[in-house]
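Numbering (the numbering used here), first residue to last: 36 to 298. Even for Gly, the Cβ is constructed at its ideal location relative to N, Cα and C. Note that the coordinates shown come from a computational prediction; the quantities given were computed from them, not determined experimentally.
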Ligand SMILES: [Zn+2]
């Protein structure tokens with residue numbers, strides 16, 4: 036059974052098999068996503084992805100044991116803090132908040148939690164935290180990446196020539212359009228490239244030789260800091276639906292293996 040954590044009564048929670056049930060914790064962010072997409076893009080995706088996951092998981096296992104935790108709407112967004120509206124927790128604040136959630140869940144007898152990471156900037160904290168939770172409480176803290184951005188079906192949604200599509204680009208904007216098209220102002224979209232890196236072969240904003248980039252590193256062709264990667268102008272709700280659905284399907288096998296995991 037898949038249910039929403041906050042909808043259960045205390046009595047219902049007492050009856051949950053907490054040793055077996057996975058608590059899925061969606062992790063959003065509140066940060067700029069360019070001119071065209073809302074500050075809550077990652078939080079909207081974090082709210083929505085569990086619904087897709089629920090459908091896909093119940094098709095694979097009608098008794099799949101999972102509770103969907105409320106989305107954590109703010110994360111670690113240092114890289115975007117200089118753009119208007121971005122809100123970030125400090126790394127240690129974010130770590131301790133998630134640690135305390137994990138500690139509470141462990142206190143009630145849960146053994147498995149799964150962080151659904153919907154903002155890449157949250158990942159380093161979650162990686163450190165997940166090991167500490169396991170060490171301190173014997174709590175298995177799994178890490179799920181919400182977007183299957185390297186899946187061929189997802190890559191196929193990106194317009195030809197849009198080679199830097201990334202944060203706030205065509206894919207993320209499409210996902211928001213699939214959730215609520217009224218939230219995207221596509222006529223204001225500008226494209227961004229990592230200007231200082233575009234002629235490099237090895238040193239890139241990500242990969243085996245990298246630097247922790249700031250949003251300002253992503254600029255328009257005129258050199259104006261824009262804070263997004265790629266060109267959102269080709270975004271559509273149909274593409275977003277493909278990305279959300281494909282990304283959910285890509286997580287099903289992993290979640291089935293989390294269900295069966297013991298060490
Ligand atoms: Zn995002």
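The Cβ atoms of residue 210 and residue 114 do not sit closer than 8 Å to each other.
Inclusion of residue 255 and residue 289 in the CB contact set at 8 Å is not warranted, their separation being larger than that value. Under the three-state reduction of DSSP, residue 59 is assigned to strand.
Remark: the C-beta of residue 262 is outside contact range of ligand 1, defined as less than 7 Å to any heavy atom. Proximity of the region 264-282 to the region 177-195 meets the contact definition, three or more beta-carbon pairs being nearer than 8 Å.
Ranked by Cα distance from residue 110, the first of 123, 225, 56 is 123. The chain-ordered list of residues whose CB is nearer than 6 Å to some heavy atom of ligand 1 reads 68, 76, 77, 154, 202, 207.
For the beta strand (DSSP E) assignment, the uninterrupted runs of no fewer than 3 residues enclosed by the region 174-229 are, from N- to C-terminal side, 175-180.
Here residue 39 is exposed. Its C-beta has fewer than 16 other C-beta atoms within 10 Å. Look at the beta carbons and you see the region 93-108 not touching the region 231-243: under three pairs across the two are nearer than 8 Å. Cβ contact annotation for residue 172 (same chain, cutoff 8 Å, sequence separation greater than five): 137, 138, 141, in chain order. The continuous alpha helix (DSSP H) containing residue 46 extends over residues 45-49.
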